[in-house]
Each structure stands twice: as C-alpha cells, then as structure tokens.
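Chemist: Here the protein sequences line up with chains A and B, keeping their order. Residues in the first sequence are numbered from 1 upward in steps of one, following the working numbering. Residues in the second sequence are numbered from 1 upward in steps of one, following the working numbering. Just so you know, even glycine gets a beta-carbon here, dropped at the ideal spot from N, CA and C. A quick note: this is a predicted structure, and the numbers were derived from the prediction, not measured.
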Amino acid sequence: MTRPLGIAALLAIGLLILLALIGPAIVPHDPLATRVASGLQPPSAVHWFGTDQLGRDIFSRVVVATRLDLAIAASAVCLSLVTGAAIGAACGYFGGVLDRWAGRVVDMLMAFPLFVVAMALVVALGNSVANIVYATAIINLPFYIRFARAEVAVRRDAGYVQAARLGGAGPWRIVFGTLLPNLAPSLAVQMSLNLGWAILNAAGLSFIGLGVRPPAAEWGVLTAEGAPFLISGQWWVAVFPGLALMGAVFAFNLAGDALRDLLDPRRRTT
Amino acid sequence: MTLAEVSGLGVSFGRIRAVDDVSFTVAAGEMLGLVGASGSGKSVTALALMGLVKPDRGTITGQGRRAIVFQNARRALNPTRTIGRQLADVLGSPVRVGDMLRRVGLSPDRADAYPFELSGGMCQRVMIALALATDPALLIADEPTTGLDTTVQATILDLIADLARERGMGTILITHDLALAAQRCDRIALLEGGRLVRIVLPGDLPPRPVASPQAAAPGSTLLRVDGLAKHYGKLRAVDGVDLVVREGEALGLVGESGCGKSTLAAMLARLIDPTAGRIEFAGEDIAAVPARRAAAAAWRGRLQMVVQDAGDSLDPRLTAAEAVAAPLRRLCRLSGAALHARVAELFDRVHLPRALHDRLPYQLSGGQQARVGIARALAPGPGFVILDEPTAALDAALQDAIMRLLDDLRRDLGVAYLLISHDLDVIRQLCGRVMVMQAGRIVEAGPVAEVFARPAHPHTAGLIAAIPQGRALRP
C-alpha cells in the first residue's frame, strides 16, 4: 500500500525535526542581529525570505523558530496524552464517583470555546512559555480522557481481561499493563493529529501577544510582527512564517490521517 | 428437474485456490448437504452459485431463481430498519409482509420490530422470509443455525424443510456438522480443502461411536455451593443454586443461552460477586473475598477458568508463550529458566508445537488458540477448572480433538472440571454427572447416562430431543 501524501508528510516532519535540532547552527545570519539600514528588504540571494523592519534575516528567524514551536507543541501533547489516558482509562475501568466527577469536569471544559479557555488560563497563570504548554495541554485533555474512557469501557470485560484477572492481575495492572498498551496504536494516531492543532494553538496564543514574546523567534510572533506591513506591500515579513506554520500543521495532520488509515481499519473491522 | 448443475467449479482468490474442481447437481424438492471443515470451500461454492463471486473455471447452469440465507442472521440484517420495511424492500410493496412473517412462524405485528429486538432464532426466520420473498426455486442455507441453541436449531431446520416441501423448492444446506446433515439431507457432498471428496447418502455413514463416560470415582468434596444467586435489578440471572463438585470429577452444566450458566461460572471463578450465597472451595469460603481482590487471594491459582471464545481471550499483544507465562509469573512467582521450562512443559501437555511459542494470537488457528487458553488455565496447577463452552467456536473435527485433550488432561492431572455447554453431545462425551439449568435454577441433576436415558424434567427432554442423532463425525 503506497500513500504518497503520507510519505510526503513524514518527510516534512523529518525535516522539521532536523531543523529543530540543528537549525540554530546552520542558519546563514544571526536571527537576532539588527541592521536598521537594510530593513524591509524583499527576498534576495542574500536574504532568502527578505528582512524585517529591524533588518533581521527572516529565513534565519523562521528556521530558528522551529525548535521552540515543536518543543511547545510536543511537550503539551505528551503531557495531555499521559495524564488524559491515565485518567480516562481509570474512569472507564472503575466507573463510579471518579468517572462521574471527571465526566462533569470534561463537559465543563468542552462547554467553552477551547481557545478562549487557553487564553484565560495563560492570563491567569502568568504570561510565560511554560504556561502556554500547560494551557495547551489542558485544552487537549478532554479528547484523551474521553477516548481512553470509551475504549477501556468497551474492553473492560473482554475475554483477555478476564483471563488476566484469573491469572492474578489486580485492577491497576489490568488498566496499565493490559488495557492501555492495547490502546497505544489508536492513541498514537490521536497524538499525531493533535500535534498540528497544538502547534496552531501555541502560535495563536503568541500571535495575540500571550506566551512567547519578541524578540524571541516563534512563528506566531513572527506572523504578528509582519501583519502591519501587509498593507504597505512588504508581504514577505508575515507570509513566510505563516507558510512555515501552515506547512507544519499540514504535515502533522496528513501524517495522522495516514497513520489512522494504516492502523484503524483493521482494528475496527475485525 | 435439475435446479442447478455445477461442473468443474474452480474459484481462486489471488494464489489461493478456494474451490477446486467441484461438481454436483441439485434437483427440485431435494436437500443437498455441503459438509466440510472451515476453509473447505463450502461458503465460496455458495457465493459462486449466487453469482456473488466469479468462478475462474467450470460452469453453473440451472433454472429458476436462487436465494441465500447467510450465517449469523442478526449481522446480515440492517440494524437501522424494521424487519417489515426490509421485507417490503424485497417484496416491492408492504402488502404481503404480514403474510410472509406468518409463513416463517412469526407474528405479523413483529413487522415493526428492529433486528436487535428479536432473538437470534427470530432473526434467522426473518432472513428466511427475505430469501423466500424472491420466490426462489433453490434455497441455499449457509450454516443457518450456527450460534443458535440446539432447540432453536431444530425448529429453524424444520421450518426450512417444511417450506421446501410445500413449495417443491430445492435446498442446499451448508454446515460443518456432519451429524446434522445426515439427519436432514437426501445427499451429502463432502468437501475438503476446496475439493469434493465424494457424495454420500446419509445411510452410508457409520453410526457414531458411543462415548463411555467413566463413572466418577467418588473423591472428597472440592467445591460446595449453597444458595448462590445473582440479581441484576429485577432480573434473577442466577436464582439459588446449590451444587457439589468432587475432586477429579467432570461435572456438566447444560442449558440454553440466557439461562444463567455463564453468570454462574463467573461467580464460581470469582470474577463477579454473588448477590447471595456461599462458595466453599477446599474448606474455605471464597465468596467472602470480593471479586476485585480475588486476584491476590491464595486460592487464585487453584481455581481457574478457560474463558469462552479462545480468540477473544488472548491479549492481541502477547505471544502464545507470554500468555501462558503471565499467570506463572504472578501466581507462582516463577522467572528465568524455571519459567521457561514450565511454559515448554505446558505446551507439550496441550500438544502445541514449541515452534508456536512466539506467535501472536492472530497468527494461530482457532484450535491452537483454544489450546493456548487451556494451557494458560492449567499453568498455576489448579485443582478445579471451569470450562465455559470450550468448543463452541470450533468445527467438528477440532471439537473432537479438544475434547479428547481435555479428557486426557483430567485423568493425568486429576483436576476437576465444571464443563458448561449448550451442546449435550459435548457433555455426554466428557462428564460423569450433569446438571440442567433453566431460568437461573438447576432443574435436574444426576449421572449423565441416567439423565439422558430418563429425563425427569420436560426441559431436559426438550434439549435431548433436539440433538442430531446417531451418526459419526468423520466420513
């Protein structure tokens, strides 16, 4: 089975990870060095993506931003995956009071537009990169809780779970040793689809001035800085960081879809 | 009149030869049996007859319309439409729906029911009505009674036979159960590995060898149950059961699906908590420990169960050896070389080649999965094993092999069994004593030979009358 889109997406993700690792070492210019004399120059052989109003090289800034964007999204998603899957699995297996309370909290979270929740959280917790991670993790949490809860509830009395009980496995061992590992493939799909969304969310918060602040390079910040210049014709300042953001989100979503096609049909139909 | 003539039929899927050079004819008013193990090409032959798969060799000729009744009727019906509408779709108008339902023994006011509101037997009747709606000359019934109770099986097959007689229809009955085919069919085509072995008359088959269940040597009492009950709200799934299992004996438990036998088994295995009653195992009241803490109880390893449906009972992530090793690690604290040796010994015990150690469940056949399940239950060296429908999902030849294995293991290891089945034949071959369960209660109990020869309770008599009688399984 060949999936050209999925393979392209995987290659793009590989490139993003590579840039995140070695980006700052290979960029042609110092991303923070200002030279006001050569500000707002259009793309050229020297400055591939042009320069901003302070004369900083936009290509270098876009490449360097990869690390921060991926780090925020990945840590947020990992955080919500681990806590969400654990809470959801426990709810699905034990039910009862725990399940009712967790269910209500999740419903409450979902009742608000999630981006607004994230904004409120960052404002309340304090304007820092760490808090962007926590906010993004918290608004992702409901999806993992619901997913793990439903899947565990379905499998709670499956034959192999009963067999594990007969084999002397206690409830916690069954949840974390038998049930959750069986959900791992589906959780991986969920995670990959979620990464794109998390990147967008983190960039969105930065765009409106929360979390990452200038002069640090981050795609949302870069796009926000470039926005005023769109009207006066200096399109490159905002467009290139925007394209990077779009490409990254695209790549993670496509990879997630490809992964789901690969793993899910077999799990659903048999 | 010949309704269908199949000659030299061959069907391949890629490089797999599903059907290879099969020839037979079906005449009007005749019932032809198509019998073979799973994978012998029975269903593919049926699909070819219906034009649902394309044969790559051979011809199928014949007159009149053909209709098919699939196995697992509930799944073949559309769950979101009432059965009346589904019938009307085929008939072209809702006018004759009630009439068709009456013909298959359903009340016409069932037309508004959805498939999930009907029992398995009723769904099968609806499937038959759907097939008859096209007014076929030839009806193909593909394992029409798989998954149904023995009593329901008999009524469904009676219905098909009656309808065929009434309308002069030809019928092809596809089944893995040779005894059933011998009882019902005029001629039987035996298939093996996609090839036609031969066509026989039911009279040619040798009678089934009479099994001789040894009288249980009266050991001391191992398990004593008093007044055990499980209520779910108003439903009394198990309603006051008393029973005794002696050391080393095989006790059978029969009853139709829904009579509470699996609930009883789950309580005895301490997977669920009873509403009331006492379970005394080797002198200890094991019902006193709640089910969620049973995993840590000292008797966990001595009281085991082989979970119904071997395929579903194996963790898809664990290899065969890991599945057997898990209880040994936790209950017997084995590790390293000792663990490895014990797993290998258990594999030998259940006649599994050691080459299968590292296979994942989906890489094992149904019979191999069943053997892994048995090895896993025997791993901690139990004195009492509950077997919940150990052969339900297997075809006839495999059933036989598994039953012989279970019988040998009981003699060699001295374990006691509680064998749960809706198949009286399985009980007859394996057990010394039998209990009959109906609606949550034990209605009759005694030595197998006595209960079967002189059933005291009408329900028992009904179950016995429904068994296909007196033919050997092997051609």
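I'd like the span of the alpha helix (DSSP H) that includes B/Gly-366, first residue to last.
Modeler: Here residue 366 of chain B refers to the residue found at position 366 of the second sequence. Looking at the DSSP string, the run of the alpha helix (DSSP H) that includes B/Gly-366 is 366-378.
Chemist: Output yes if chain B places a C-beta closer than 7 Å to the C-beta of A/Leu-262; else output no.
Modeler: Position 262 of the first sequence, counted from the start, is the residue given in the question as residue 262 of chain A. It does not: the Cβ of A/Leu-262 has no partner Cβ on chain B nearer than 7 Å.
Chemist: In the DSSP assignment, find the beta strand (DSSP E) that holds B/Asp-312 and state where it starts and stops.
Modeler: Locating residue 312 of chain B in the second sequence gives position 312, where the first residue counts as 1. First-last for B/Asp-312: undefined, no H or E at that position.
Chemist: What does the alpha-carbon distance come out to for the pair B/Gln-483 and B/Gly-120?
Modeler: Beyond the ends of chain B as shown, which are 1 and 475, falls residue 483 of chain B; an answer cannot be given.
Chemist: Output, in sequence order along the chain, the residues in the stretch 153-166 of chain B whose CB is closer than 9 Å to any CB in chain A.
Modeler: none
Chemist: Mind checking if A/Tyr-93 is an interface residue toward chain B, Cβ cutoff 7 Å exclusive?
Modeler: Position 93 of the first sequence, counted from the start, is the residue given in the question as residue 93 of chain A. It does not: the Cβ of A/Tyr-93 has no partner Cβ on chain B nearer than 7 Å.
Chemist: Do the CB positions of A/Gly-256 and A/Leu-193 come within less than 7 Å of each other?
Modeler: Position 256 of the first sequence, counting from 1, holds the residue named residue 256 of chain A. Position 193 of the first sequence, counting from 1, holds the residue named residue 193 of chain A. Yes, they are a contact pair.
Chemist: Have a look at B/Gly-374 and B/Glu-249 and give me their C-alpha separation to the nearest angstrom.
Modeler: The residue labelled residue 374 of chain B in the question sits at position 374 within the second sequence. The residue labelled residue 249 of chain B in the question sits at position 249 within the second sequence. The question names Gly, but residue 374 of chain B in the sequence shown is Ile. The straight-line gap from Cα to Cα measures roughly 17 Å.
Chemist: Quick one: is A/Pro-181 near chain B, going by C-beta distance under 7 Å?
Modeler: Position 181 of the first sequence holds residue 181 of chain A. Cβ-Cβ to chain B under 7 Å: yes for A/Pro-181.
Chemist: Let me confirm a value: B/Leu-347 is counted as buried when at least 16 other C-beta atoms fall within 10 Å, else exposed. Which label applies?
Modeler: Here the question's residue 347 of chain B lines up with position 347 in the second sequence. The question names Leu, but residue 347 of chain B in the sequence shown is Phe. Around the beta-carbon of B/Phe-347, 16 or more other beta-carbon atoms lie within 10 Å, marking it buried.
Chemist: Could you tell me which of A/Gly-170, A/Arg-173, A/Pro-215 and A/Leu-179 sits nearest to A/Ala-158, measuring between CA atoms?
Modeler: Residue numbering aside, residue 158 of chain A sits at position 158 when the first sequence is read from its first letter. The candidate whose alpha carbon is nearest that of A/Ala-158 is A/Leu-179.
Chemist: Report all residues from its chain with a CB closer than 6 Å to the CB of B/Val-126; omit the five preceding and five following residues, and keep chain order.
Modeler: On the second sequence, residue 126 of chain B is found 126 positions in, with the first residue counted as 1. If we look at B/Val-126 and ignore the five residues flanking it on each side, its Cβ neighbours are Ile-83.
Chemist: What in chain A is Cβ-close to B/Met-305, meaning under 7 Å?
Modeler: In the second sequence, residue 305 of chain B corresponds to position 305, counting from 1. Under a criterion of Cβ atoms nearer than 7 Å, the residues of chain A adjacent to B/Met-305 are, in order, Leu-166.
Chemist: Do the CB positions of B/Thr-151 and B/Ala-466 come within less than 7 Å of each other?
Modeler: Position 151 of the second sequence holds residue 151 of chain B. Position 466 of the second sequence holds residue 466 of chain B. Yes, Cβ-Cβ distance for B/Thr-151 and B/Ala-466 is below 7 Å.
Chemist: Among the residues of its own chain, which have a CB less than 7 Å from the CB of B/Ala-401, if the five just before and after it don't count?
Modeler: Taking the first residue of the second sequence as 1, we reach residue 401 of chain B at position 401. The residues are Gly-367.
Chemist: Which residue marks the beginning of the alpha helix (DSSP H) containing B/Glu-30, and which one marks its end?
Modeler: Counting from 1 along the second sequence, the entry for residue 30 of chain B is found at position 30. Here B/Glu-30 belongs to no alpha helix (DSSP H), and DSSP marks it neither H nor E.
Chemist: Looking only at C-alpha atoms, which of A/Asn-201, A/Ala-244, A/Gly-233 and A/Ser-232 sits nearest to A/Leu-222?
Modeler: As a working note, residue 222 of chain A is residue 222 in the first sequence. Of A/Asn-201, A/Ala-244, A/Gly-233 and A/Ser-232, the residue nearest in Cα terms is A/Ala-244.
Chemist: Helix, strand or coil for B/Val-448, going by three-state DSSP, please let me know.
Modeler: Residue 448 of chain B sits at position 448 when you count from the first residue of the second sequence. Correct three-state label for B/Val-448: helix.
Chemist: Counting along the chain, where does the beta strand (DSSP E) carrying B/His-231 start and finish?
Modeler: The residue given as residue 231 of chain B occupies position 231 in the second sequence. Looking at the DSSP string, the run of the beta strand (DSSP E) that includes B/His-231 is 221-232.
Chemist: Ordered along the chain, which non-local residues of its own chain (more than five positions away) have a Cβ less than 6 Å from that of B/Ala-216?
Modeler: The sequence position of residue 216 of chain B within the second sequence is 216, counting from 1. Because B/Ala-216 sits at a pLDDT of 46, beneath the cut-off of 50, its placement in the model cannot be relied upon, and the following sentence gives the value as read from the coordinates. Glu-249 and Gly-432.
Chemist: Going along the chain, which residues of its own chain have a beta-carbon closer than 8 Å to the beta-carbon of A/Thr-34, five neighbours each way excluded?
Modeler: The count along the first sequence starts at 1 and reaches residue 34 of chain A at position 34. Leu-54, Gly-55 and Arg-56.
Chemist: If you draw a straight line from the alpha carbon of A/Ala-65 to that of A/Tyr-144, how long is it in whole angstroms?
Modeler: For the purposes of this step, residue 65 of chain A is taken as the residue at position 65 of the first sequence. For the purposes of this step, residue 144 of chain A is taken as the residue at position 144 of the first sequence. Those two C-alpha atoms are separated by around 28 Å.
Chemist: Would you check if there are 3 or more beta carbon pairs closer than 8 Å linking the stretch 108-120 of chain B to the stretch 131-138 of chain B?
Modeler: no
Chemist: Does the Cβ of B/Ser-212 have 16 or more other Cβ atoms within 10 Å, making it buried, or fewer, making it exposed?
Modeler: By 1-based counting over the second sequence, the position of residue 212 of chain B is 212. At B/Ser-212, the pLDDT of 45 sits below 50, so the modelled position is not reliable and the matter cannot be decided from this model.
Chemist: Ordered along the chain, which non-local residues of its own chain (more than five positions away) have a Cβ less than 6 Å from that of A/Arg-3?
Modeler: Here residue 3 of chain A refers to the residue found at position 3 when the first sequence is read from its first residue. Closer than 6 Å at the Cβ level, and outside the excluded window around A/Arg-3, lie Ala-258.
Chemist: State buried or exposed for B/Gln-369, treating a residue as buried only when at least 16 other CB atoms are found within 10 Å of its CB.
Modeler: The sequence position of residue 369 of chain B within the second sequence is 369, counting from 1. Under this definition B/Gln-369 is a buried residue.
Chemist: Do you know offhand how far A/Ala-164's Cα is from A/Glu-151's?
Modeler: Position 164 of the first sequence, counted from the first residue, corresponds to residue 164 of chain A. Position 151 of the first sequence, counted from the first residue, corresponds to residue 151 of chain A. C-alpha separation (whole angstroms): 18 Å.
Chemist: Checking 7 Å against the spacing of the C-beta atoms, do B/Ile-420 and B/Asp-388 come in under that value?
Modeler: Locating residue 420 of chain B in the second sequence gives position 420, counting from the first residue. Locating residue 388 of chain B in the second sequence gives position 388, counting from the first residue. Yes, the Cβ-Cβ distance between B/Ile-420 and B/Asp-388 is below 7 Å.
Chemist: Is the Cβ of A/Gln-162 closer than 7 Å to any Cβ of chain B?
Modeler: Start at 1 with the first residue of the first sequence, and residue 162 of chain A comes out as number 162. True, the Cβ-Cβ gap to chain B drops below 7 Å.
Chemist: From B/Leu-139 to B/Arg-57, what does the alpha carbon distance come to, in whole angstroms?
Modeler: Here residue 139 of chain B corresponds to residue number 139 of the second sequence, with the count starting at 1. Here residue 57 of chain B corresponds to residue number 57 of the second sequence, with the count starting at 1. Going by the C-alpha atoms only, they are around 23 Å apart.
Chemist: Please state the DSSP three-state secondary structure of B/Thr-59.
Modeler: Here residue 59 of chain B corresponds to residue number 59 of the second sequence, with the count starting at 1. Note: B/Thr-59 maps to strand in three-state DSSP.
Chemist: Identify which residue in A/Leu-195, A/Gln-41 and A/Ile-58 has its Cα closest to the Cα of A/Ala-216.
Modeler: Numbered from 1 along the first sequence, position 216 holds the residue referred to as residue 216 of chain A. Of the candidates A/Leu-195, A/Gln-41 and A/Ile-58, the one whose C-alpha sits nearest the C-alpha of A/Ala-216 is A/Ile-58.
Chemist: Residues in its own chain within less than 7 Å of B/Cys-332 by CB, not counting five upstream and five downstream?
Modeler: Within the second sequence, residue 332 of chain B is the residue found at index 332, counting from 1. Within the same chain, B/Cys-332 has close Cβ partners Gly-301 and Pro-380.
Chemist: Is there contact here, the stretch 200-212 of chain A with the stretch 41-52 of chain A, by at least three beta-carbon pairs under 8 Å?
Modeler: no
Chemist: Could you tell me whether the Cβ atoms of B/Arg-224 and B/Val-241 are closer together than 7 Å?
Modeler: Residue mapping note: residue 224 of chain B aligns to position 224 of the second sequence, counting from 1. Residue mapping note: residue 241 of chain B aligns to position 241 of the second sequence, counting from 1. Their beta carbons are not under 7 Å apart, which means B/Arg-224 does not touch B/Val-241 by this criterion.
Chemist: Can you pull the chain A neighbours of B/Arg-330, defined as C-beta to C-beta under 7 Å?
Modeler: As a first step, residue 330 of chain B must be located in the second sequence, where it is residue number 330. In chain order: Gly-167, Gly-168 and Ala-169.
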